[in-house]
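Novice: Questions regarding the structure given below will be posed in turn.
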Amino acid sequence: MSLLTLDNVTIRFGGLTAVDTVNLEINQGEILALIGPNGAGKSTVFNLITSIYQPTEGTISLAGKPLVGIPTHKIAEMGITRTFQTIRLFSELSVLDNVKIGAHCRGKAGLFQAFTRLPGMKREEAEIEEKAIKALEFLDLATKCEEMAKNLSYGEQRRLEIARALVSKPKLLLLDEPAAGMNPQEKVVLMEMIRRIRDTGITIFLVEHDMKLVMGISERIAVLDYGKLIAEGTPLEVRSNNAVIEAYLGSGKFKSRIRR
Amino acid sequence: MPILNNLMQQLVNGLALGSIYALIALGYTMVYGIIGMINFAYGEIFMFGAYAGLVLALTNYVNVYVALLGATFITMVLGVVIERVAYRPLRRSSRLSALISAIGVSFFLSSLMVRVKGPNTRGFPTLFENRIFEIGDFQITIYQIVIIGVAGLLMLSLHLFVTYSKMGRAMRACAQDQDAASLMGVNIDRVISVTFAIGSGLAGAAGVLAGIYFNAVQPYMGLLAGLKAFAAAVLGGIGSIPGAMIGGLVIGLTEILGVTVNLSEYKDAFAFAILILVLLFKPSGIMGRKANKKV
Amino acid sequence: SKPAATATTPAADSKEPIKIGFLGAKTGDVAMYGLNTLKGLNMAVEELNKEGVLGRQVELVEEDNAGQKDQAINITNKLISQDKVAAIIGDPTTGITRVAGQIANSKKTVILSAGSTGMNVVEIGPYVFRDTLLDTIAAPATMKYVIQEKGWKNVALITSKNNDYSVSLSKIFSDAIDANGGKVVIEEFIQDKDTDFSGQITKIKSANPDVIVFSGYYTEGALIMKKAREVGIKAIMVGGDGLQGDDLMKIGGAAVEGSISYAGFSPEQPTPNTEKFINAYKAKYNNELPDLFAAQGYDALMLIAKAIKDANSAESEKFKDSLAKTKNYDGVSGSITFQENREPIKSPVYLLEVKDGKFALLKKVPVEIK
Amino acid sequence: MKKLLNNWIVQVLLFLSLLGLTAYGSQMINDIIPPYLLMIAFFIGINLIMALGLNLITGVTGQLSLGHAAFMSIGAYSSAIATVNFDLPFLLGVLIGGLIASVFGVIIGFPTLRLTGDYLAISTLGFAEIVRVQFTNMKITNGAIGFLGIEGSTTFPIVMTIAVLMICLMVWLENSRNGRAMLAIREDEVASSAVGINTTLYKIQAFAIGAFCAGVGGALFAHTTTFIQPTDFGFQKSVDILSIVVLGGLGSIPGTIIGAIVLTAAPEILRPLSNYRMIVYGLLLVVIMIFRPYGLMGGVNLRQAVRRAMMFPKKKQAGREE
Amino acid sequence: MLTLEKINVSYGSIRALHGISLEVKKGEIVALIGANGAGKSTTLRTISGLLKPSNKDSRITFKDVQIQGMLPHKIVEMGLSHVPEGRRVFPEMSVYENLLMGAHSRKGKPGQADFDRVYHHFPRLKERIKQLAGTLSGGEQQMLAMGRALMARPDLLILDEPSMGLAPMLVEEIFHIIEDINVAGTTILLVEQNAHLALEISNRAYVLETGEIVLEGLAQDLATNEDIRKSYLGE
Ligand SMILES: Nc1ncnc2c1ncn2[C@@H]1O[C@H](COP(=O)(O)OP(=O)(O)OP(=O)(O)O)[C@@H](O)[C@H]1O
Ligand SMILES: Nc1ncnc2c1ncn2[C@@H]1O[C@H](COP(=O)(O)OP(=O)(O)OP(=O)(O)O)[C@@H](O)[C@H]1O
Ligand SMILES: [Mg+2]
Ligand SMILES: [Mg+2]
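Protein chains in written order, with the working numbering: chain F, 1271 to 1530; chain R, 50 to 344; chain W, 39 to 408; chain P, 1322 to 1643; chain Y, 28 to 262.
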C-alpha cells in the first residue's frame, strides 16, 4: 500500500530545475533509499515533502491526503518527521529537551495548562519525559541527557536528530545522510538501528551516499540525476544499472594510481 | 501651479535630507555588514566627529578642508580604540552582548561630551559661503549640492572598494565566515580595525558635514542620527552600500513628504510606517539579497 | 560635624548647615536648564554663606535626574528622607516638577521650581512654589504688541509637538492672536531635536505670513530662522521665554536678528540688585552672561533664605507661610509677588529684541497685581 | 512530604500565604525602610515586571525587540484612562493596561513576524516611535503636556505581589510545552517547524505575554509617577529594559531579576560620583559585558546547580536505608 | 616538514587532546584516522592556529619554525593550507572570488597559471565561475574548497574529511586528485572517515582514539592490522 505519493513533482529555482517531474511511491513499512550525485535534488525532495519548499508543479500526498500548501508544522502532526543533512539541533538546549521538543506535536497542553499546572498537564509532562528517555535509550544516548546538544560529537548529534524525529511517533521518517561523518564501524551500528526503527512500523525514506549502508538495508532504491528519476528497483537491479553506474556509482574499486 | 512648484521644492528638500541620512548610513552599514553587530555607538562617533570639526574650525589656523580631514582622522582613531576595548573581547559571544557594550560606549561618549563641552547646542562657524541657486521655481543651496554630491561620491567609491579591492574582498570574507577567512591568510584583527577605521572616519566626516548643513552640534545628536542610520541601513538591506544610500534617501523623502501632505506632526511616524511597510513586502530590505539559506 | 568655615560668626559654625536640595537634570536632553539653574544656585549659596542664614551655613545637595521621572521620584525621596533638606529647588521643567511636587507636598517639604511655566503646578498643594514669569501673563502681552503695535496680522504658528511647554504656549498664543484680531494663516509642527525644517519652511513661504510665532526653545528657533532666511522669508520670529539663551544668536546669527521674545529676566537696564548679580556672575563664570535659568535659580534660593529668616525657622512647615506671603520681592529676575494661590506674579514682562547679536530691551510691560 | 509539595492546591495555598506575608511584611517595611530605598525597590519591581516580558520575547523566543517601551506606554495610558476617565478601580485598570498592551502585541506581532533578526528589531523600534507620536497627538492623552491627575495607587505590596506572581508564571511557562516550543524557535526555526511547532503561533504568544507584562509595568509606573508624558516612553526606555535582560543573561529568569536590581539601583548607587555618574554607568555596562559576556547569570544553570547540591545528601540517605 | 609534540587542547573543561605527537615529512601523504569525536579536527585546528594548546611544554613546528601561538594568517603565509571540516566556502561570493580569496596570503595577484591548475583538477569549477558558492551542491563546494586551498600554492595541505557527503564516484575522483596534488609536490595531512581509501593512498598513518594516538605506522601495515580492520574498516 502506498503511504506517500509524489506525482509529477517539479521545483525550479530561477533557471535551475532542481527536481524535474518526479513520480514516486513509498509503501507502508518499507525502507526506500534515494541516491544520486551531489546536487541531484535529493535534499530538495525532502524539503518538498516537508513543505519547506513548495513545488512549482505537481502534488504530494500522504495516504491520500494532499500535502502541498500545508505548513511544515502541520506535516509533522500528520506523521512525517525528518533529520537534516546539515545538523540542525537546538544546540543550546539539553539533549533531553531536544527530544522533548520533538514530541511537541503529540502534546496538547496550552497556555492555560502552563499557567495552572493542573494534574493533567503534569501527567502529560511525565509521559513526554518517559517517551523521550526511551527514545534516547534506543539511540544509545541516555547517558547524555543533561549535556548541551552542541557539546556532543558529530556522530552523537546525528543520532540525537533521529531520536528527536522519532518521539513524534511518525508514520514516515525521512533521514538525510544519517551516516555522513561516521566511520564504517559506526555505520554498521546505525544500520541496525534503522532496521529496528522500521520494525516498529515506521516507514523509512533515506538519502545516503554510503553504498554499503544503502545496499545493506533498503528494499527499494530510487536514483535521481539532475532532478530526474533515472532508475528505480531493488538494490541488485540498481547496482547493475549502467546509467546509475555511469552517473553515480563509479567503479567501486578504487586503486591508488601511484605506488604503495 | 504653486502646489507643483512646492512639490518640486519639497523633492529637493527631501533629497538633501535623505543624502544626509545616506551619508551617516554608509559607514554604519559597512561596519554593520562586516561585524554583524548593531553598533549603537556609531551615532556618538558621528557626534564626536561633529565636535572635532567644530573645535578645529574654531582654531584660526584651520580651514574647512583641514577641519574635515582632522575630524575624520580623530574619529578613525576613536573607532579603532572603541573596537579594541569594547567589542573585540565580545567578538565570539552573543550579538546582543556586543549591542549592550555598544550602548555602554554610547552613554559614555555622550555623557563625556556633556562634561567636556557642556550640554548646549552649538552652531558651526560659516566655513564657506552658502549660495542659493534658483532653478525655475525652486531653489537649491550650495550646501545641499555638496551634501548630495559627497554622499553619492562616497557611496560609489566605497562600493567599488568593497567589491573589487583585495581588502574589500577580505572584509566580505570576514563577514561570511571569520574562521575560514583566517585560514585564507586574512588577518582578522587588522581587517576589522580597518573596517572600523573607515566606518568611523565616514561617521566623523558625516558629522562635520551635517554640523555645517544643520548648523547644530549637540552631545546627544548621535542618538537620533544613529537610529536614522540604522533604519536606512536596514531598509536598504543590511550590508549593502548602495542600499544604505537608497534607504537614506527613502527615509528623507518620506519625512518631507509627511510634512508636505500636512502631517508634519506625524512626520517621524510616517517615515517609520513606510519603513515597516517596505519591509513587509521586501523582508530583507530594498537591496538585500534574500537570505538564501539552503536547508 | 563640619570643619569650621573661616570668617563667619561663631554661632554659624556650631550649628548644622541648612541643607537645600537641588533637583534637576545635569545630563540628558534637558541638562542645559538644570546646569544653568545650578550656576545661579551656587552663586546664591556663596553669597548667603558670607553671613549665614539664622547663623547657619547653607549647603546644597545636588542630584541629577537626567530628565527622567523615575529618577526624579527617587531623588525627591532621597533628598527628603535621607538628606533631610529644608527645601528643594527645581526642577526647571514642568513635567518633573509636577511629579516631585506631589511627593514633596505630601512629605511637607517646600519645593520651589525655578523654571516651570505650565499648568497644574502650584495647585498640587501648599508646599509647591515657583518663581517664573507665567506664560498666561506674558504671551498675551507679547501678542498685543506684535499685532496691534507692529500691525503683523498674518501669523505662521509653529509648535514643537513633543515639547509640553511649546504645546501649552501655542494654545495661549493662538488665543491671544484671535483676541487681538490677528489670524493664523498656517500652522506647522516640528519636534524638539529636529534639525531639518526645510519641508515646513517651504510651506510657510508660500503662505507668506507677516510674522513667524514659534513657541518652542531657542535651538530649534535659531535653526528654523536660518532655514527661513535661506529661502528668502523676510518675516521675523516671535516667541516665548524658551527663546531666551545666548545660543539663539550663536546658532542663528544674522537670521535671528530682530526676533522678539519675552522674558522674566533681562541683563539690560538692570536694577542695582540685578547689576550686582550680573557682575558677580561674570566674575565667577568666565565672563559669561547669566541667563533666565541662572537668574531664577538664584532668586529661588534667595526667596527661601528670606522666608527662613522671616519665619526664624528652617522647617518647611513653618517657613512655607512666610514664603507664601512674599510681596514685591526685588529679585534679580524682576519683582516677585506670590498671589493668594501661590502663583507668582512677576513684573515687569521684558519684551526683548535681538539686536546686533544681543538681546536688547524693546519694552518693559509692567504687570498689575490684583 | 515531597508528594504533598507537588500538589498544586498546596502550592497555591503556600503561594497565597507567601503573598500575605509579603504584604504584611512590606507594611512593616514601610515603617522601617526609608522611603528612598523603598522607592528604588518600587522601580526595581516595575522594571523587573517589564523585563520579564522582554525576556520572554527576546531571551526565550529569540526575537529581538527594540520597542518594549511602546507596550509600556500603552499599558500606562490605557490604565490611566481607565482609572481617571472611567473611574475604574486601580487593579482593574492595571489589568486593562496589560490586556490592551497585549492586544497590540498581537497586532504588531502578525505582520512583522515575517521578519527576522535586525529587520524585526527596526520594525519594533519603528512601531514604538509610531505609538509615541500617536500619544503625542491624541486628545485623550493630552499630548505632550501629559496626562495629569492619576492617583498614586501603586503600593509596595502590590508591586511585589505582581512581580512574584509574574516570576512564578514565567518559570511555569518556561517549563511547559509552550515554553519549550519558544526556546526551540530561538534555537532553530526551520528545525522547530519540522518537529511540528507552529512558529507563528508561539511567537505571537510570546509577544502577547511579553506585551502584557510591559503593559502591567507601565500601568504601575503611571500610578506611581501620577503623571505621564509620551517622552517617558522613548527609545531610551526600551534600551534600558533590553539592557536588563541581556546583562542579566538572555533567557535566564534569575538573571533578569539580578539585572533589574543591578541596573535600577546602579544610577542611584553611583550618585556620589555626581557629575561623572553617567560616564561611569556607561563604562559599567561595557565592563560587565566584557567580564560576563553571556550576562551575569548567563550559562549558570541554577536548577542543575541546586539539583546537584541536593542530590549529594539524598544519595547518602538512600545508602543508609538499604 | 611538520612536527607536533605533546599537544593538549581543551574546550572549556572538556579535554579533547591528550599529549598528541606526530610528524609529517616532506612529500608524504599522512592519514589521521579515528572515530567520531576522537579529536581529529581538533588536531588540525590546532595546527593551523585556530585553537591554542593548553600546556606550556607543547611544541608545533612547521618548516623547523615554531608556529605555536602564531595567528592563523601568519601560518598560512608560511605555506600551510587547511581545508576545514564542512567546506566553509564563502557563500555570498562567486566561485571566482572564492578562488581569489585562496590566494589572499600571497603577495600580488595570482596569475592565470594558478587558475589553470585548479581548473585542470576541477573542470566543473571553470563552468561555474560566476555562480555564488552558496548555491553550489555539496560536491561542487568540496571541489571549490580544495581549489581554493591550492590557490595558495601550499607546501603542506591539510584536509579534514574531504569526502564527507560526496557521491561514490566523486569520492574516488577526490582521492585521485589528492594523489595528483601530492605528486606535483605538495605534502599532505589527511583526516578521513573513509579509512579504506585513506590508507590506500597514504604513506603513513596515525590512529587517534579519544584524544590520544594509539597506533602509528606504514599505511599498508595498518590496513592489514586486525584491530584496525575491525574497528575502523567495519569488517
Ligand atoms: N534554495 C535554493 N536556491 C537555489 N538553488 C537551490 C536551493 N536549494 C537547492 N538548490 C539547488 O538545487 C540543486 C539540488 O540540491 P540538493 O540539495 O537537493 O542536492 P542533493 O541531491 O541533496 O545533493 P547532496 O548530495 O550534495 O546533498 C543544487 O544544484 C542546488 O544548488
Ligand atoms: N566547540 C566545542 N566545544 C566543546 N567541545 C567540543 C567542541 N568541538 C569539539 N568538541 C569536543 O571535542 C572532542 C573532539 O572533537 P573533534 O571535532 O576534534 O572530533 P573529530 O575526531 O574531528 O570527530 P568527527 O569525526 O565527528 O569530526 C569531541 O568530544 C567533541 O565533542
Ligand atoms: Mg543533500
Ligand atoms: Mg572532525
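Glycine included, each C-beta is placed from N, C-alpha and C at the ideal position.
Here the structure is a predicted model, which is why all the values come from computation and not from measurement.
(1) On the three-state DSSP scale, how would you describe F:L1388?
(2) So does Y:K67 have its beta carbon nearer than 7 Å to some heavy atom of ligand 2?
(3) Starting from Y:V51, trace the beta strand (DSSP E) in both directions and tell me its first and last residue.
(4) Against chain Y, which members of the segment 1471-1493 of chain F pass a CB distance test of less than 7 Å?
(5) Just to confirm the assignment, what range does the alpha helix (DSSP H) spanning P:L1434 have?
(6) To be precise: take each residue of the segment 1409-1442 of chain P, compare its Cβ to all Cβ atoms of chain R, and keep it if any distance is under 8 Å. Which residues remain?
(7) With DSSP as the reference, identify every bridge partner of W:F173, one or two as the case may be.
(8) Which residue marks the beginning of the alpha helix (DSSP H) containing P:H1389, and which one marks its end?
(9) Short of 8 Å in beta carbon distance, which residues of its chain neighbour P:V1560, apart from the five on each side in sequence? Order them along the chain.
(10) Should F:F1283 be counted as a contact of ligand 1 given a C-beta to heavy atom distance under 7 Å?
(11) How far does the alpha helix (DSSP H) with R:I287 in it extend, from its first residue to its last?
(12) Is any beta-carbon of chain R found at less than 8 Å from that of Y:L31?
(13) Looking only at C-alpha atoms, which of Y:L77, Y:N221, Y:A250 and Y:Y233 sits nearest to F:H1479?
(14) What's the gap between the Cα of Y:S37 and the Cα of Y:P80?
(15) So, at 8 Å on beta carbons, what are the nonlocal neighbours of W:P164 in its own chain, with the 5 sequence-adjacent residues on each side left out?
(16) Report buried or exposed for R:I241, applying the criterion of at least 16 other Cβ atoms within 10 angstroms of its Cβ.
(17) Just verifying my parser: in three-state terms, what is the DSSP assignment at Y:R256?
(18) When the cut-off is 8 Å and only beta carbons count, does P:M1360 lie next to chain W?
(19) Mapping the DSSP letters down to three states, classify W:R168 as helix, strand or coil.
(20) State buried or exposed for F:E1447, treating a residue as buried only when at least 16 other CB atoms are found within 10 Å of its CB.
(21) Excluding sequence positions up to five away, which residues of its chain have a Cβ less than 6 Å from the Cβ of R:Y70?
(22) From W:A50 to W:Q120, what does the alpha carbon distance come to, in whole angstroms?
(23) Quick check on Y:A225 - is its C-beta less than 8 Å from some C-beta in chain R?
(24) Show which residues of chain P have a CB atom less than 8 Å away from the CB atom of F:D1367.
(25) Nearest to R:L145 by alpha carbon, out of R:F187, R:G85 and R:T78?
(26) Under 8 Å: do the segment 1375-1383 of chain P and the segment 1500-1509 of chain P share three or more Cβ pairs, one atom per stretch?
(27) Using the beta-carbon of each residue, which ones in chain Y are nearer than 7 Å to R:L232?
(28) How many Å lie between W:A217 and W:R168 at the Cα?
(29) Check R:R261 in the structure and name its three-state DSSP category.
(30) Which residues, in order along the segment 256-269 of chain R, keep a beta-carbon less than 8 Å from a beta-carbon of chain W?
(31) Give the residues of chain F in contact with P:L1494, contact being defined as C-beta atoms less than 9 Å apart.
(32) Following a CB-centred definition, is Y:Q220 positioned closer than 7 Å to any heavy atom of ligand 2?
(33) Drop a sphere of 10 angstroms on the beta-carbon of P:S1497, count the other beta-carbons inside from all chains shown, and report buried for 16 or more, exposed for fewer.
(34) In whole angstroms, what is the alpha-carbon distance linking R:L272 and P:R1453?
(35) Assign W:K264 to one of three DSSP states: helix, strand, or coil.
(36) Shorter than 8 Å from the beta carbon of W:N74 to some beta carbon of chain P?
Specialist: In short, the structure shows the following:
(1) For this step, residue 1388 of chain F is matched to residue 118 along the first sequence. Looking at F:L1388 - three-state DSSP - the assignment turns out to be coil, as it is neither helix nor strand.
(2) What you label residue 67 of chain Y is simply residue 40 of the fifth sequence in a count that begins at 1. At least one heavy atom of ligand 2 is nearer than 7 Å to the Cβ of Y:K67, so yes.
(3) Mapped onto the fifth sequence, residue 51 of chain Y falls at position 24. I41 to V51 is the extent of the beta strand (DSSP E) around Y:V51.
(4) H1479 and M1481
(5) Looking up residue 1434 of chain P in the fourth sequence gives position 113. Counting along the chain, P:L1434 falls outside any alpha helix (DSSP H), and DSSP gives it neither H nor E.
(6) P1432, T1433, R1435, L1436, T1437, D1439, Y1440 and A1442
(7) Your numbering for residue 173 of chain W matches position 135 in the third sequence. The question names Phe, yet the displayed sequence has Asp at residue 173 of chain W. Per DSSP, none; premise fails for W:D173.
(8) Here residue 1389 of chain P is taken as the residue at index 68 of the fourth sequence, counted from 1. Residues H1389 to A1401.
(9) One-based indexing of the fourth sequence puts residue 1560 of chain P at position 239. Answer for P:V1560: L1387, listed in chain order.
(10) As a working note, residue 1283 of chain F is residue 13 in the first sequence. Result yes, Cβ under 7 Å from ligand 1.
(11) Position 238 of the second sequence, counted from the start, is the residue given in the question as residue 287 of chain R. Segment: none, R:I287 is in no alpha helix (DSSP H) and carries neither H nor E.
(12) The residue you call residue 31 of chain Y lines up with position 4 of the fifth sequence. Y:L31 does not count as touching chain R.
(13) The count along the first sequence starts at 1 and reaches residue 1479 of chain F at position 209. Selected option, being the one with the closest Cα: Y:N221.
(14) The residue given as residue 37 of chain Y occupies position 10 in the fifth sequence. The residue given as residue 80 of chain Y occupies position 53 in the fifth sequence. About 8 Å.
(15) Residue 164 of chain W sits at position 126 when you count from the first residue of the third sequence. Same-chain partners within the cutoff: N143, K358, A362 and R380.
(16) Residue 241 of chain R sits at position 192 when you count from the first residue of the second sequence. By the 10 Å Cβ count, R:I241 comes out buried.
(17) Walking along the fifth sequence from the start, residue 256 of chain Y turns up at place 229. Here Y:R256 sits in helix by DSSP.
(18) In the fourth sequence, the residue the question calls residue 1360 of chain P occupies position 39. Closer than 8 Å to some Cβ of chain W, the Cβ of P:M1360 qualifies, so yes.
(19) Walking along the third sequence from the start, residue 168 of chain W turns up at place 130. The answer is strand: DSSP assigns W:R168 an E or B state.
(20) Here residue 1447 of chain F refers to the residue found at position 177 when the first sequence is read from its first residue. So F:E1447 ends up on the buried side.
(21) Translated into positions along the second sequence, residue 70 of chain R becomes position 21. So the list reads K277, A281, G297, I300 and G301, once near-sequence residues are dropped.
(22) Within the third sequence, the letter at position 12 stands for residue 50 of chain W. Within the third sequence, the letter at position 82 stands for residue 120 of chain W. In this prediction, W:A50 scores a pLDDT of 44, lower than 50, which makes its location untrustworthy; the coordinate-derived value is nonetheless stated afterwards. So the alpha carbons of these two residues sit roughly 23 Å apart.
(23) The residue labelled residue 225 of chain Y in the question sits at position 198 within the fifth sequence. Y:A225 does not count as touching chain R.
(24) In the first sequence, residue 1367 of chain F corresponds to position 97, counting from 1. Within 8 Å Cβ-Cβ: R1501 and L1504.
(25) Translated into positions along the second sequence, residue 145 of chain R becomes position 96. Minimum Cα distance to R:L145 is reached at R:G85.
(26) yes
(27) In the second sequence, counting from the first residue as 1, residue 232 of chain R sits at position 183. Correct list: S75, P99, V103, H109 and P111.
(28) As a first step, residue 217 of chain W must be located in the third sequence, where it is residue number 179. As a first step, residue 168 of chain W must be located in the third sequence, where it is residue number 130. Between W:A217 and W:R168, the C-alpha separation is close to 28 Å.
(29) Counted from its first residue, the second sequence places residue 261 of chain R at position 212. Here residue 261 of chain R is Ile; the residue named in the question, Arg, does not match the sequence. Here R:I261 sits in helix by DSSP.
(30) A259, F263, N264, A265, Q267 and Y269
(31) Taking the fourth sequence and counting its residues from 1, one reaches residue 1494 of chain P at position 173. Simply L1381, A1384 and F1385.
(32) Working through the fifth sequence from its first residue, we reach residue 220 of chain Y at position 193. Result yes, Cβ under 7 Å from ligand 2.
(33) Translated into positions along the fourth sequence, residue 1497 of chain P becomes position 176. So P:S1497 counts as buried.
(34) Looking up residue 272 of chain R in the second sequence gives position 223. Looking up residue 1453 of chain P in the fourth sequence gives position 132. In a straight line, the C-alpha of R:L272 is about 16 Å away from that of P:R1453.
(35) Here the question's residue 264 of chain W lines up with position 226 in the third sequence. In the structure shown, W:K264 sits in a helix (DSSP, three-state: H, G or I).
(36) Taking the third sequence and counting its residues from 1, one reaches residue 74 of chain W at position 36. Closer than 8 Å: no.
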